[in-house]
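Residue numbers (the numbering used here), protein chains in the order written: chain A, 1 to 337; chain B, 338 to 641. Beta carbons are placed, not taken as given, at the ideal position from N, Cα and C, and that holds for glycine. Model, not experiment: these values are computed from the prediction. The structure under discussion appears below in the form of structure tokens.
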């Protein structure tokens with residue numbers, strides 16, 4: 001088991017190195033001198049310029065700069081934001097819980113609806129329910145979620161007034177210092193009446209928007225995986241034993257049908273991060289996605305560089321974890337390769 | 338074959354003439370009603386895009402100062418002069434949407450073509466050379482796939498600057514790995530087959546072997562990927578446009594139009610509704626078409 005894990009972990013090392021290389025090169029391809037970008041258009045004396053260049057390590061040969069960059073990254077130094085002068089890592093960890101919270105609720109929404117709906121569609125294959133679910137799934141899969149978000153804001157939040165338009169909590173009514181960074185938990189801990197409900201209320205629309213594409217994928221995946229399992233011998237045996245259809249489907253079939261679905265859920269982290277950029281921008285959700293976009297607007301390249309590096313690292317690590325967990329659940333994978 | 342027919346004829350049975358591949362394809366494809374619907378809508382959108390200058394009532398950037406934010410014809414105060422209303426600068430929405438079809442399809446098709454050609458070249462090279470070349474190519478593709486698509490596209494655009502051509506570059510980079518992996522995997526599968534060995538023995542050179550012998554047998558999954566790749570590219574480019582990192586105003590790209598319309602979300606909702614609807618309909622119909630292609634071209638991949 002340990003050997004399997006180490007083997008998989010070792011495979012990510014070149015990926016990380018290449019990722020560092022790409023972020024390093026990308027930032028150097030930005031037109032204009034990084035120092036001049038930093039000091040703005042007023043211009044400074046040549047001595048100050050030389051001083052800045054030295055401070056940023058730009059007087060070194062390029063290969064040395066790359067080695068230093070990798071060395072810094074390995075020590076957890078992802079650079080300093082030009083806009084706030086804070087460490088990129090500090091900013092990242094301050095904002096990341098917001099993105100995780102949103103993603104978790106989005107996945108909760110997607111699985112809670114997608115798995116039962118997909119399973120029912122498979123059992124009632126060809127029925128109107130199955131057909132409409134597949135049509136809806138195609139629509140969800142093709143959805144430009146930035147538009148979907150605006151549409152929901154327009155209808156649900158503005159016209160019907162059912163949910164807040166943006167933000168994470170009603171800031172006028174509730175205020176407390178962040179403890180975990182997760183608004184729902186912090187609201188709970190604060191003990192203020194209604195704060196937790198307000199945090200949940202603010203999560204409804206963004207979670208639906210971010211969860212729409214995963215919902216479509218999960219429903220479709222569960223359906224096709226379930227159809228495959230339902231034709232297996234052990235399902236027929238379970239039926240022949242006289243088990244109730246609910247037990248056959250719920251206990252015997254669904255459990256096995258879920259293995260590929262769980263993998264798909266795990267591997268959708270990358271998609272979630274991409275979706276979070278759009279969702280957070282629409283709902284003014286103070287997470288990583290919104291931060292990345294704002295960094296571009298502020299021409300804060302170190303923040304962008306560190307942010308992309310960190311987001312991608314999270315995705316790579318989660319994928320590794322899914323891979324290993326899959327090996328734990330399914331020994332054939334572990335021993336097969 | 339001839340012997341079979343002769344034998345069958347000898348038994349007095351009627352033998353159906355061998356089906357032509359195109360007819361066989363159409364027979365399977367047309368069974369799928371959704372796919373035919375997709376084909377019809379896509380064809381209509383393509384026609385609109387090509388004939389945009391003739392069909393659109395106005396120039397997409399022409400501003401009518403007397404009719405700023407005119408509502409669409411079905412709403413109160415709407416008129417047939419501007420069927421879908423006008424935007425914040427008094428530009429005709431219908432004309433902008435029609436011209437937007439041209440831009441979105443242009444992005445989708447160019448991304449698809451470039452990734453198709455590059456994907457074939459890189460994938461075949463990877464399968465053919467194997468060894469270090471293969472490892473480097475596969476690892477690079479893995480890396481590109483590890484960075485979330487939109488985040489990578491954002492990085493590329495942030496570096497190169499936002500514009501229509503750079504959108505195409507960014508989206509192509511994001512979609513390239515899917516093509517490369519597909520070509521590599523199917524080429525590897527084909528390379529182990531007998532007909533390839535036979536061709537080798539017959540003295541076919543490597544370039545001809547890969548392009549003329551192996552590639553045609555990898556095309557089915559590639560064509561399906563290409564169809565779905567167009568819709569992915571359109572979505573991705575529209576997302577960039579929406580974030581202000583894609584095509585720049587006054588280009589009437591659908592995502593960019595949505596971004597412009599955000600400030601009118603309360604007062605003039607159709608400005609938000611229409612461009613998104615255009616994106617959704619286009620992407621759905623291309624996906625329907627792609628599903629139909631999958632069913633017709635590759636029975637193994639058929640969705641149950």
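Annotation for residue 554 (chain B): the continuous alpha helix (DSSP H) segment containing it runs 552-579.
For residue 460 (chain B) and residue 447 (chain B), the gap between their C-alpha atoms comes out near 19 Å. Taking a 10 Å sphere around the C-beta of residue 259 (chain A), we find fewer than 16 other C-beta atoms and assign the residue as exposed.
With a threshold of 16 other beta carbon atoms within 10 Å, residue 329 (chain A) falls short and is exposed. Residue 244 (chain A) sits in coil when the DSSP states are folded into three classes, being neither helix nor strand. For residue 255 (chain A), the enclosing alpha helix (DSSP H) begins and ends at 254-267.
Listed in chain order, the non-local C-beta contacts of residue 252 (chain A) below 7 Å within the same chain comprise 234, 235, 238, local neighbours out to five positions each way being set aside. Contacts with chain B at 8 Å (Cβ-Cβ) do not include residue 113 (chain A).
Residue 308 (chain A) belongs to the set of residues whose beta carbon lies under 8 Å from a beta carbon in chain B.
Assignment of beta-bridge partners to residue 428 (chain B) by DSSP yields B:400. In this structure, DSSP gives residue 212 (chain A) a helical state, which the three-state scheme calls helix.
Proximity of chain B to residue 19 (chain A) at the Cβ level (cut-off 9 Å) is accounted for by 480, 483, 484, in chain order.
Contact check for residue 14 (chain A) against residue 106 (chain A) fails: the beta carbons are separated by 8 Å or more.
Residue state for residue 180 (chain A) is assigned as coil, using DSSP reduced to three classes. Taking 8 Å as the cut-off, the Cβ atoms of residue 577 (chain B) and residue 566 (chain B) do not count as close.
Taking a cut-off of 8 Å for Cβ pairs, the segment 461-479 of chain B and the segment 515-529 of chain B touch, as three or more such pairs fall below it. Relative to residue 129 (chain A), the option among A:326, A:68, A:219 whose CA is nearest is A:219.
DSSP lists A:80 as the beta-bridge partner residues of residue 87 (chain A).
With distances taken between CA atoms, residue 405 (chain B) lies nearest to B:422 out of B:393, B:587, B:422. C-alpha of residue 136 (chain A) to C-alpha of residue 535 (chain B): approximately 48 Å in a straight line. Residue 163 (chain A) sits in coil when the DSSP states are folded into three classes, being neither helix nor strand. For the set A:171, A:5, A:124, A:271, the Cα lying nearest the Cα of residue 145 (chain A) is the one of A:271. Judged by DSSP secondary structure, residue 65 (chain A) falls within the alpha helix (DSSP H) whose first and last residues are 62-74.
In terms of beta-carbon proximity, residue 593 (chain B) stays away from the interface with chain A, with every pair separated by 8 Å or more. Ranked by Cα distance from residue 618 (chain B), the options B:635, B:547, B:584, B:571 are led by B:571.
Residues of the same chain with a CB within less than 8 Å of the CB of residue 387 (chain B), apart from the 5 flanking positions on each side, are 439 in chain order. Rounded to the nearest whole angstrom, the CA to CA distance from residue 179 (chain A) to residue 108 (chain A) is 23 Å. Residues of the segment 280-295 of chain A whose Cβ lies closer than 8 Å to any Cβ of chain B, in chain order: 281, 292, 293. Between residue 504 (chain B) and residue 494 (chain B), the C-beta gap is smaller than 8 Å, which places the two residues in contact. By a beta-carbon distance limit of 8 Å, residue 433 (chain B) does not contact residue 400 (chain B). Their separation comes to about 11 Å. For residue 273 (chain A) and residue 532 (chain B), the gap between their C-alpha atoms comes out near 45 Å. Interface annotation, residue 15 (chain A): in contact with chain B, CB-CB separation under 8 Å. Per DSSP, residue 360 (chain B) is one residue of the alpha helix (DSSP H) stretching across 358-368.
If you look at residue 1 (chain A), you'll find it isn't in any alpha helix (DSSP H); DSSP assigns it neither H nor E. For residue 601 (chain B), there are no C-beta contacts with chain A under 9 Å, since the nearest C-beta of that chain is about 11 Å from it.
Taking 7 Å as the cut-off between beta carbons, none of the residues of the segment 84-95 of chain A comes near chain B.
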